[in-house]
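All residue numbers for the sequence shown refer to the numbering used here, where the first residue is 96 and numbers rise by one. C-beta: ideal position from N, C-alpha, C; glycine also.
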Amino acid sequence: MPTNLPAEAQLAWQKYLEAKTLSEKIKALEQFISLVPKHKGTEKLLMQVKKTLTKLKLEASRKKELRKGSGIHPAFSIPKEEDAQIVLFGLPGTGKTALFNYLTENNIPYGKPTLLPNVGVLKYNGAVFQIIDLPPIFSDNIDSTPNGRSILSLVRNCDLVLLVTDLSQDIEWQLSTLMRVLKTARIIIDRDP
96 MPTNLPAEAQ LAWQKYLEAK TLSEKIKALE QFISLVPKHK GTEKLLMQVK KTLTKLKLEA
156 SRKKELRKGS GIHPAFSIPK EEDAQIVLFG LPGTGKTALF NYLTENNIPY GKPTLLPNVG
216 VLKYNGAVFQ IIDLPPIFSD NIDSTPNGRS ILSLVRNCDL VLLVTDLSQD IEWQLSTLMR
276 VLKTARIIID RDP
């Protein structure tokens, strides 16, 4: 951790480390992020902390759904409608929701993690496409992603997969991570049908 963090931010980080429950950890990380000054020296730290926060929020969401008695959230059971079903698949913070909003003329808030799939419609040249904005994949280990298998089920059953990457980050790493996830799940997208 950089030594130039304010004392309040260091205390918030300590609260996170000492937190026992998921909600305490989420609250402590949100407080930490709000107290960290935003500059080049804290850029990577904030990116890592936000990634951790996203994982914790998704885990909390998954646990909440499991407590309701259902192993699979109904939001992941999306029947195919329209002419074709297209999914937006990518890592956190790559702009999937912004692209979804642009394509479907929706106004879903972005900048926060997508916890459940968003469904919209794109009309183009007489064709109607069902667009699904999926929650992010965190690594090539799908079991480390909350609802990871449900996400891959939607990818497997769709008509078109759009791999969404952030051009300001390492594109090769992003694509290779996504391709490893798909290969591990035996979903082949780089060959002719």
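Buried or exposed by the 16-neighbour rule on C-beta atoms within 10 Å, applied to residue i
i    : result
V223 : exposed
L229 : buried
T260 : buried
Y321 : Nothing in the structure corresponds to residue 321, since the chain is present only between 96 and 288.
A102 : exposed
P132 : exposed
I246 : buried
Q109 : exposed
G185 : buried
N220 : exposed
T279 : exposed
Q180 : buried
N202 : exposed
L249 : buried
L153 : buried
V276 : buried
Local conformation of residue i per DSSP, three classes
i    : result
Q264 : coil
F127 : helix
L198 : helix
A222 : strand
N242 : coil
I173 : coil
L210 : coil
R275 : helix
Cβ separation of residue i and residue j, assumed to be a contact under 8 Å, to the nearest whole Å
i    : j    : result
I173 : P212 : 6 Å
Y205 : T189 : Not a contact, Cβ separation roughly 11 Å.
A155 : L117 : 5 Å
Residue closest to residue i, alpha-carbon to alpha-carbon, out of the options
i    : options                   : result
L106 : T272, T116, S118 and F127 : F127
V182 : K145, T199 and Q225       : Q225
Q269 : P231, L255, N252 and S245 : P231
L210 : N252, I227, L258 and D285 : I227
K146 : I121, L100 and D178       : I121
N99  : K135, E119 and K115       : K135
L194 : K175, L140, Q143 and V214 : V214
N242 : E176, C253, K158 and D178 : K158
Short Cβ contact (9 Å threshold) for residue i with residue j
i    : j    : result
L124 : L151 : yes
L258 : L273 : yes
L217 : T240 : no
R244 : I282 : no
T149 : F233 : yes
Residue-level contact to chain C via CB, residue i, 9 Å cutoff
i    : result
V223 : The structure shown contains no chain C; it is built from a single protein chain.
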